[in-house]
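Residue numbers (this note's numbering): 2 to 111.
C-beta: ideal position from N, C-alpha, C; glycine also.
All of these numbers come straight from a predicted model, not from anything done at the bench.
Here the structure comes first, spelled out in structure tokens, and everything after it is commentary.
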């Protein structure tokens with residue numbers, strides 16, 4: 002992705018995905034997120050995330066699904082659970098970059 006500033010630590014995962022105008026509910030706990038992911042979220046969350054990150058849909062598609070697949074989902078209106086999980090994961094990394102990297106520990110290569 003070519004955007005120079007992908008980290009948005011001031012924004013919540015919900016805000017990155019479009020907030021109340023896009024998400025059917027406001028998840029407050031990890032268990033709430035499981036429910037949202039299983040149901041799938043509106044495809045307009047893709048538009049919200051591309052807008053905030055200033056990336057193209059084709060750039061975002063490399064992380065979520067093919068460009069053609071995303072276009073089909075936009076027509077259908079809802080992402081499936083797998084696509085939703087990938088989009089939520091991406092939004093989480095963007096919203097919480099320090100936390101994501103802080104929990105990562107490199108493994109010894111030798």
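With three or more C-beta pairs closer than 8 Å as the rule, is the segment 55 to 72 touching the segment 27 to 39?
Output reads no: the segment 55 to 72 does not touch the segment 27 to 39.
With burial defined as no fewer than 16 other Cβ atoms inside 10 Å of the residue's Cβ, what is the status of residue 3: buried or exposed?
Reliability of the predicted coordinates at residue 3 is poor, the pLDDT of 42 falling under 50, and no value is obtained from them.
Name the two residues that bound the continuous alpha helix (DSSP H) containing residue 69.
68 to 77 is the extent of the alpha helix (DSSP H) around residue 69.
Using CA atoms only, rank isn't needed, just tell me which of 78, 28, 51, 72 is closest to residue 95.
Considering only alpha carbons, the answer is 51.
Using beta-carbon positions only, say whether residue 19 and residue 62 come within less than 7 Å of one another.
Taking 7 Å as the Cβ cut-off, residue 19 and residue 62 do not qualify as a contacting pair.
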